[in-house]
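For the record, the sequence lines run as chains A and B. Under the numbering used here, read the first sequence as residues 0 to 429, first letter to last. Under the numbering used here, read the second sequence as residues 81 to 433, first letter to last. Comments concern the structure below.
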Amino acid sequence: MTDTMDFAQWARNWEAMARQSMSAIPGAAVLPSWSSQDAMQRQWSDGIAQWTRQFAGGAVQSDAIERLMSGAQGYLGMLQSMAAGGGQAQGTSMPWLDALNGAGGFAAASPSWMNNPITQAMRSFGGSGAVGLEQMMERMVGAAGPVLNDLKGVLGTPAFGFLREHQENAQQAALAMIAYQEQMARYNRLMLKVSENSFARFQLKLAEREEPGRQIDSIRGVYDLWIDAAEEAYAEIALSEEYREIYGALVNAQMRVRENVQREIERISVDLGIPTRSEINTIGERLQALRREFRAEREKAAEQADLAAEVEKLRGELDTLKNAREPSRPSNVVAFARPLPRTVPATTPVAAKSKPKSAKKTSRKGSKAKAVASKAKHAAKASPPVFKPDRGERKGSSSFASSIARFAREAGQETGRTAAKPLKSKSGKR
Amino acid sequence: MQPIRLDPSRIFDEATRFRNKLAAGVQVLRELDDVSYGVTPKDEVYREDKLVVYRFRGDRAPTAKTPTLIVYALVNRPYMVDLQEDKSLVRNLLAQGEDVYLVDWGYPDRADRWLNLDDYINGYLRRSVDAVARNAGVKKINILGICQGGAFSLCFTSIYPDKVRNLITMVTPVDFHTPDNMLSNWTRTMDADLFVDTIGNVPADLMNMCYLMLKPMRLFQQKYVGMVDILDDRKELENFLRMEKWIFDSPDQAGEAFRQFMRDFYQGNKLVKGGLMIGDKAVDLKNITMPVLNIFAEQDHLVPPDASRALAGVVGTKDYTQIAFKGGHIGIYVSSRAQREVPPAIHEWLATR
């Protein structure tokens, strides 16, 4: 028989069960027997299982199907409880509600609360130290559960002798495990409180619906109200300081267990000559520090290259400016043609190329110099200034920088403001 | 009067309808391919390690002169802002004429465990911003930070105000100690150092479990009961599964960055209280003097509205605008209301600045 046929059969059975449930209602005295309720529950559960199997092995959204099925259980549970109970509220006693709450209360209906799924998820991680954690916990709970207090006393005794370190580690690991179990028990007690509060809230919400016009007329409506009540009760606890303290203690306790397990694995790994997580971490941390340093240095170099490129550009602009201002310079005047000693790294041209277009466009110094050049050009056309570079500069009595400064002063006088700052020689020798 | 009035035939109808939906779902689910997402064409403009910066291409050239860089959280994948054709913040911003870029942080692995917030903010994010500015030929850009990415954007803008023209934050936590912040309540007594030293990178499954546990009954159960309702609707089912994909397609968190985020933001609340250092740079939100638009969701269970509203009191700008969106943390990107309201609001705000 194929799964599809099974599913069809299940659907027929479900319908039959639903009819049977309904047929029990008119008299309101005869509810389906417990045995038939059990049968109904089995049918529905089997049906869901059959339905889920339709997708077994398929690649299509199997995760979503799994979540759907897991999530729908609460609703199905309510559906079958209410169907079995005929959906009738009889006085203050509602059989379906009792049934729902009776089987462990809301906590049972919402297993997602218990044992803190977050810490369960942590236990199952494949990260360092996870190997063996689950098994160790199970063994520990099984073996130590009944004699925890005595065991704690024994584990607290001082270690000594050649193997004292190993003994102490083992004691710490065992104590951490016990502490974790204790914290988990505290957490679950808190969740039971949520469960109780949920039920109380649900009843209050039902009472509110007793007003005419506010009654609920579908199982889905009841289900949604149940969810609202549960969420409110949960939120109240989850936002409390008590939860904060217990949750933090639980996570910290689990981390200590994990830390102990890791330490033990590392010890064994070292004995066997296997690289450990700590060693890899050390390498990783150092590597990242080096990468940071490297990037910082590279950025510093790029900034210097940018500055050098800007200086080159300014130099070119000054040349242009000078040429524009000197219409009949004697051929033997070379003061402005002499380049500065080269201090720019060999990579300058590449860096200059890589300089952002935006920076080039918006270089304030560059645009100032251009403005000066333009004004100087106009001024030259109007009345060519008499500018005689000091030929003696070449012989060292005056510097290239001072020539520029003088030129800048003159240009400033001409345009009525300071045109450009003179370049300063770093060494002061020129 | 009884609070519940159930007609027996109604129970039967409900049960039958549920069964029929499941039966129809068999066929629909079998025919569905894996869902696709990220619909808007994009070009890579910068890459470094696992980070990539993209520029989106709209149907027409952008009219905005200043580009906008979307900085998403580390804890989820950024394609939430471009989930599908009719649910895309990116697409709608492009349609308004904005020039949209996005930082995709990638999936850190254990080799990235030592990445800290200095690496993320002073490193990756700063270089991404520079790359976008260079690509657009401007000195300053707009930043749109989302959730944790919003907190990063605040830090960045405070440290490098000369690189940011306008700052937009969406569902961004600023005050981490509001009484309705469940995540914050849970982390306050956790030993952040012990946690990260022991676990290293924080696995995505753990992060997801934390988010689900914020509303366990709704997110573990009720949501999937609702899924049965749409099992026979191919389009709706595809949308549902696309969201599922996004929710559970989460990157692991680099351990050091997580340690600092938990310690300084969740536990220390230093964005508000002060004293936050990112690397060797101090974060002072008073340095944020450019225009700020802060958008938050009124029904946000991850970042309570008050956690976002706090921004008004701590930034230095005199040009502060706040928009309260009627919806939740996810709805602010994917709901039809969000498509109608959020991108135009962002565009209009930017256009006047």
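A virtual CB, placed ideally from N, CA and C, is assigned to each residue, including glycine.
{"Item": "Do residue 119 of chain B and residue 165 of chain B have their C-beta atoms within less than 8 Å of each other?", "Value": "yes"}
{"Item": "Following the continuous beta strand (DSSP E) through residue 276 of chain A, name the residue where it begins and the one where it ends.", "Value": "Where residue 276 of chain A is concerned, there is no enclosing beta strand (DSSP E), although the alpha helix (DSSP H) it sits in stretches over 276 to 324."}
{"Item": "Is there a C-beta anywhere in chain B that falls below 8 Å from the one on residue 203 of chain A?", "Value": "no"}
{"Item": "Closer than 9 Å, Cβ to any Cβ of chain B: which residues of the region 192 to 221 of chain A, in chain order?", "Value": "197, 204, 205, 206, 207, 208, 209, 210, 211, 213, 214, 215, 216, 217, 218, 219, 220, 221"}
{"Item": "Going along the chain, which residues of its own chain have a beta-carbon closer than 7 Å to the beta-carbon of residue 275 of chain A, five neighbours each way excluded?", "Value": "265, 268, 269"}
{"Item": "Assign residue 162 of chain B to one of three DSSP states: helix, strand, or coil.", "Value": "strand"}
{"Item": "To test your reading of the DSSP string, which unbroken alpha helix (DSSP H) runs of 4 or more residues are found completely within the region 302 to 366 of chain B?", "Value": "303 to 309, 314 to 328, 335 to 340, 350 to 353"}
{"Item": "Please classify residue 245 of chain A as buried or exposed, where buried requires at least 16 neighbouring CB atoms within 10 angstroms.", "Value": "buried"}
{"Item": "Going by C-alpha to C-alpha distance, which of B/201, B/420, B/252, B/221 sits closest to residue 243 of chain B?", "Value": "B/221"}
{"Item": "Is the beta carbon of residue 420 of chain B less than 8 Å from the beta carbon of residue 407 of chain B?", "Value": "no"}
{"Item": "Compare the C-beta of residue 465 of chain A against all C-beta atoms of chain B and say whether one is closer than 8 Å.", "Value": "Here chain A comprises residues numbered 0 to 429, so residue 465 of chain A is not present and cannot be evaluated."}
{"Item": "Taking Cβ-Cβ distances below 8 Å as the criterion, which residues of the region 117 to 148 of chain B are in contact with chain A?", "Value": "none"}
{"Item": "Report the rounded CA-to-CA distance for residue 214 of chain B versus residue 136 of chain B, giving the unit in angstroms.", "Value": "16 Å"}
{"Item": "Answer yes or no: does any C-beta atom of chain A fall closer than 8 Å to that of residue 296 of chain B?", "Value": "yes"}
{"Item": "Can you list, in chain order, the residues of its chain with a C-beta nearer than 8 Å to that of residue 175 of chain B? Leave out the 5 residues immediately preceding and following it.", "Value": "138, 139, 423"}
{"Item": "Taking its Cβ as the centre, do 16 or more other Cβ atoms sit within 10 Å of residue 100 of chain B, making it buried, or is it exposed?", "Value": "exposed"}
{"Item": "Return the chain-ordered ranges of every beta strand (DSSP E) run that is complete within the region 124 to 188 of chain B and spans a minimum of 3 residues.", "Value": "131 to 136, 148 to 151, 162 to 164, 180 to 184"}
{"Item": "Which class does residue 107 of chain B belong to by DSSP, given the choice of helix, strand or coil?", "Value": "helix"}
{"Item": "Would you kindly check if the distance between the Cβ of residue 233 of chain B and the Cβ of residue 126 of chain B is under 8 Å?", "Value": "no"}
{"Item": "Flag residue 266 of chain B as yes if its beta-carbon sits less than 8 Å from any beta-carbon of chain A, otherwise no.", "Value": "yes"}
{"Item": "Chain B beta carbons: is any one of them nearer than 8 Å to that of residue 266 of chain A?", "Value": "no"}
{"Item": "Give the DSSP bridge partners of residue 122 of chain B, in chain order.", "Value": "B/136"}
{"Item": "Should residue 278 of chain B go down as buried or exposed, given a rule of 16 or more other Cβ atoms within 10 Å for buried?", "Value": "buried"}
{"Item": "Measuring only the C-alpha atoms, how far is residue 273 of chain A from residue 279 of chain A?", "Value": "11 Å"}
{"Item": "Measure the C-alpha to C-alpha separation of residue 430 of chain B and residue 225 of chain B and round it to an integer number of angstroms.", "Value": "15 Å"}
{"Item": "Since residue 162 of chain A is in the alpha helix (DSSP H), which residue starts that stretch and which ends it?", "Value": "Unbroken run through residue 162 of chain A: none, as it is neither H nor E."}
{"Item": "Should residue 353 of chain B be labelled buried (16 or more other beta-carbon atoms within 10 Å of its own) or exposed?", "Value": "exposed"}
{"Item": "For a contact meaning CB atoms closer than 7 Å, what does residue 230 of chain A contact in chain B?", "Value": "295, 297, 298"}
{"Item": "Taking 8 Å as the CB-CB cut-off, is residue 189 of chain A touching chain D?", "Value": "Chain labels in this structure do not include chain D; the protein chains are A and B."}
{"Item": "Excluding the 5 residues preceding and the 5 following residue 235 of chain A in the sequence, name in chain order all residues of the same chain whose CB lies nearer than 6 Å to its CB.", "Value": "none"}
{"Item": "Using a beta-carbon distance cut-off of less than 8 Å, what residues from the region 241 to 256 of chain A approach chain B?", "Value": "242, 243, 244, 246, 247, 248, 250, 251, 254, 255"}
{"Item": "Can you grab the Cα-Cα spacing for the pair residue 345 of chain B / residue 256 of chain B, in whole Å?", "Value": "7 Å"}
{"Item": "Please list the terminal residues of the continuous alpha helix (DSSP H) segment that includes residue 246 of chain A.", "Value": "240 to 271"}
{"Item": "Per DSSP, residue 84 of chain B is paired with what?", "Value": "A/215"}
{"Item": "Assuming the contact rule is C-beta atoms closer than 8 Å, residue 233 of chain A and residue 296 of chain B should be a hit. Round their C-beta distance to whole Å, please.", "Value": "6 Å"}
{"Item": "Could you name the residues of chain A that residue 203 of chain B contacts, counting a contact when the two beta carbons are closer than 8 Å?", "Value": "291, 294"}
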